[in-house]
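Shown next, in structure tokens, is the structure this report addresses.
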């Protein structure tokens, strides 16, 4: 592992791991946090990051990263993300993405319906699922947890407590929501995963996780009643209240 000190550069919307040197497996970048400046200026600094946390970039063309355990968790915990944006991990790095009105309004309406229609449960958003797996803690748009288990001083929720998770699709998250996250949530054995696609006006409900895959799928259009099993109850969401872009 190289010993020279690298720099972290700040850009308006990106978290960048700057290459410091080479190892036998390729280029090595030091994990660091990018906080957006008010005027979108770019500046560099020497990050104070534990030496054991690195991201290995195998090729500059593909920017294919093997993320060392704890690296994404470190950035998620350290960076301040405004409520009007989301921090997303893609093959091009960590990116702050603006959230549309349709996304925010639909998420809020889902939370309101959970509160109204699921006695004894509390709607929750702005949280991370733990434990981290491969250094990654997903941040679903909504879920519900039993009222007696709410911990007001924490923003992490154990995967074992989650009866379902909801992701509201945005243009930049569409591929991940449909193709990447189903297997991730199924591996965590979260009983149900609801995809709310405000781009297409459609919903998809995946249930019965087994061997890293959901075994059952239902889908429909906005206007349907969506039935999600939650412990000994059934949550019925009225998707006619969802907003399409």
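In the working numbering, the protein residues as written are 20 to 264. Think of the CB as a built atom: it goes at the ideal place given N, C-alpha and C, for glycine as much as any other residue.
- Item | Start-to-end residues for the beta strand (DSSP E) that takes in residue 223 | As a first step, residue 223 is located in the chain shown; it is residue number 204 there, counting from the start. Segment 221 to 229, the beta strand (DSSP E) holding residue 223.
- Message: Given this structure, state the Cα-to-Cα distance separating residue 197 from residue 171, to the nearest angstrom.
- Response: On the chain shown, position 178 is the one that residue 197 refers to. On the chain shown, position 152 is the one that residue 171 refers to. One C-alpha to the other measures close to 31 Å.
- Item | Where residue 171 falls: helix, strand or coil (DSSP) | In the chain shown, the residue the question calls residue 171 occupies position 152. Note: residue 171 maps to coil in three-state DSSP.
- CA-CA distance, residue 246 and residue 213? Working through the chain shown from its first residue, we reach residue 246 at position 227. Working through the chain shown from its first residue, we reach residue 213 at position 194. Their Cα atoms are separated by approximately 10 Å.
- Residue range of the unbroken beta strand (DSSP E) whose run includes residue 9: With the chain covering only 20 through 264, there is no way to say anything about residue 9.
- Nearest-angstrom Cα distance between residue 243 and residue 115? Taking the chain shown and counting its residues from 1, one reaches residue 243 at position 224. Taking the chain shown and counting its residues from 1, one reaches residue 115 at position 96. So the two alpha carbons sit approximately 32 Å from each other.
- Message: Buried or exposed for residue 49, going by 16 or more other Cβ atoms inside 10 Å?
- Response: Within the chain shown, the letter at position 30 stands for residue 49. For residue 49, the pLDDT reaches just 37, beneath the cut-off of 50, and the residue's location in the model is therefore unreliable, although a value from the coordinates is still provided. It counts as buried.
- Any chance the segment 145 to 153 sits against the segment 118 to 133, with 3 or more Cβ pairs inside 8 Å? no
- Query: Using the beta-carbon count (16 or more within 10 Å), is residue 230 buried or exposed?
  - Reply: Locating residue 230 in the chain shown gives position 211, where the first residue counts as 1. Residue 230 is exposed by the Cβ-count criterion.
- Query: Out of curiosity, what's the CA-to-CA distance linking residue 255 and residue 174?
  - Reply: Along the chain shown, one-based indexing puts residue 255 at 236. Along the chain shown, one-based indexing puts residue 174 at 155. Approximately 26 Å, taken between the alpha carbons.
- When DSSP builds the beta bridges, which residues end up paired with residue 155? The sequence position of residue 155 within the chain shown is 136, counting from 1. BP columns for residue 155 point to 152.
- Which ranges would you report for the beta strand (DSSP E) in the segment 184 to 222 if only whole runs of at least 3 residues count? 184 to 188, 211 to 216
- Message: If you reduce the DSSP assignment to three classes, tell me which class residue 253 lands in.
- Response: Position 234 of the chain shown holds residue 253. In the structure shown, residue 253 sits in a strand (DSSP, three-state: E or B).
- What residue from 209, 234, 219 has the CA that sits closest to residue 240's CA? Translated into positions along the chain shown, residue 240 becomes position 221. The residue with the shortest Cα to Cα distance from residue 240 is 219.
- Message: Given the structure, does residue 156 come close to the ligand ATP, in the sense that its CB is under 6 Å from one of the ligand's heavy atoms?
- Response: The ligand content of the structure shown is nil, which means the ligand ATP is not present either.
- Task: Measure the CB-CB distance between residue 223 and residue 211 and report whether it falls below 7 Å.
- Result: Position 204 of the chain shown, counted from the start, is the residue given in the question as residue 223. Position 192 of the chain shown, counted from the start, is the residue given in the question as residue 211. Against a cut-off of 7 Å, the Cβ pair of residue 211 and residue 223 comes out as no contact.
- Item | Where the alpha helix (DSSP H) through residue 121 begins and ends | One-based indexing of the chain shown puts residue 121 at position 102. That run of the alpha helix (DSSP H) goes 120 to 136.
- Query: For residue 176, which residues of its own chain have a beta-carbon under 8 Å away from its beta-carbon, when the five flanking residues on both sides are left out?
  - Reply: Reading the chain shown from its first residue, position 157 is the one you call residue 176. Only 143, 146, 147, 148, 149, 162, 164 meet the Cβ criterion.
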